[in-house]
Amino acid sequence: EAGVAQSPRYKIIEKRQSVAFWCNPISGHATLYWYQQILGQGPKLLIQFQNNGVVDDSQLPKDRFSAERLKGVDSTLKIQPAKLEDSAVYLCASSSRRDRGLSSSYNEQFFGPGTRLTVL
Amino acid sequence: KQEVTQIPAALSVPEGENLVLNCSFTDSAIYNLQWFRQDPGKGLTSLLLIQSSQREQTSGRLNASLDKSSGRSTLYIAASQPGDSATYLCAVYYVKTGGFKTIFGAGTRLFVKA
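In the order they appear, the protein sequences are chains A and B.
According to our numbering, the first sequence is numbered sequentially starting from -5.
According to our numbering, the second sequence is numbered sequentially starting from 456.
Written out as structure tokens, the structure is:
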């Protein structure tokens, strides 16, 4: 099956500009995640969708970040306006609620290649 | 506070050596735990997912163990190869209303010398 797709792979912008990232999860996966990974750190969850509803956005800087998942499939993450500290890799992941029998692993996450954002 | 710590932060070993990466978590009420590999400039690749009821999981040269009561998981890599050089991350999952809460460690950067 096709993996999680993300675009663009790289983006360079100046501070105060806006930027948008796109994610297409694995077909049939109900849960979609956006993470921010700063160099040298582990990924930090920004927002989690279950179908097209938000499950967790407690760590999303809502004054500048927004995300949507219309129709419960693709998702976009937007930053407006960007700050220098937003320079990071933005990762999208998806997981399935499908029970796989004895080893139920429906929260197992699969990641896309990420978008590396540089804010100058 | 729920935290995940990975030690060491970086590791350099000669090819062929067996090695152990550590992941510790402060809240033992986990649902399950997942080990990932991340190559420079790339996304995360899932290696192993171990359920809270399991003691270990194996895939090829990789073996992940879990001791919930002590809040620890280890990833054992046998006969390391230069191609194993990457950053290894553990993610701990907790059940919460509406789904799961995921907490990542900062990773262990591994370099295997030829």
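Note that beta-carbon positions come from the ideal geometry of N, C-alpha and C, so glycine has one too.
- Item | CA nearest to the CA of B/I558, picked from A/R3, A/C17, A/L39 and A/N46 | Closest by alpha carbon: A/L39.
- Query: Is the number of C-beta pairs between the region 558 to 568 of chain B and the region 26 to 44 of chain A that are closer than 8 Å three or more?
  - Reply: Yes: the two stretches touch, three or more of their Cβ pairs being nearer than 8 Å.
- Item | B/A533 beta carbon less than 8 Å from that of B/S473 | According to the sequence displayed, residue 473 of chain B carries Asn and not Ser. Taking 8 Å as the Cβ cut-off, B/N473 and B/A533 qualify as a contacting pair.
- Hey, would you say A/A82 sits closer than 8 Å to A/Q30, going by beta carbons? Yes, Cβ-Cβ distance for A/A82 and A/Q30 is below 8 Å.
- Task: Taking only heavy atoms of the ligand PLP into account, decide whether any of them is closer than 7 Å to the Cβ of A/A87.
- Result: The ligand PLP is absent from the structure shown, which contains no ligand whatsoever.
- Taking only the alpha-carbon atoms, compute the straight-line gap between A/L111 and A/A24 and give it to the nearest angstrom. C-alpha separation (whole angstroms): 26 Å.
- Query: When we look at the beta-carbon of B/N487 and count the other beta-carbons within 10 Å, is it buried (16 or more) or exposed?
  - Reply: Buried is the call here.
- Query: Roughly how many angstroms lie between the CA atoms of B/S540 and B/K568, to the nearest whole one?
  - Reply: Distance from the CA of B/S540 to the CA of B/K568, rounded to the nearest whole angstrom, comes to 9 Å.
- Task: Find the nearest neighbour of B/L499 within the set A/L114, A/V113 and A/F105, judged by alpha-carbon distance.
- Result: Residue A/F105 is the option with its Cα nearest to B/L499.
- Any C-beta of chain A under 8 Å from that of B/K497: Yes, because at least one Cβ of chain A sits closer than 8 Å to the Cβ of B/K497.
- Message: For A/S88 and A/Q103, I'd like the C-alpha separation in whole angstroms.
- Response: The alpha-carbon of A/S88 is positioned some 6 Å away from that of A/Q103.
- Query: Skipping 5 residues on each side, what residues in its chain have a beta carbon closer than 6 Å to that of A/L78?
  - Reply: Non-local C-beta neighbours of A/L78 in its own chain, meaning closer than 6 Å and more than five positions away in sequence, comprise K9 and V113, ordered along the chain.
- Message: Strictly by DSSP, which residues pair up with B/L596?
- Response: Since the first residue of chain B shown is 456 and the last is 569, residue 596 of chain B is not available in this structure.
- Got a sec: is the Cβ-Cβ distance from A/E79 to anything in chain B below 8 Å? Chain B contact via Cβ: absent.
- Start-to-end residues for the beta strand (DSSP E) that takes in B/K497: Annotation: B/K497 is outside any beta strand (DSSP E) and is labelled neither H nor E by DSSP.
- Item | Expected contact under 8 Å - CB spacing of B/Q461 and B/C478 to nearest Å | Between B/C478 and B/Q461 the Cβ distance is about 5 Å, and since that is below 8 Å, they are a contact.
- Message: Distance check for A/R58 and B/L565, CA to CA, integer angstroms please.
- Response: Distance between B/L565 and A/R58, taken at the CA atoms: about 35 Å.
- For B/G526, go through chain A and note every residue whose CB falls closer than 8 Å to its CB, in chain order. In chain order: nothing, as chain A lies at least about 17 Å away.
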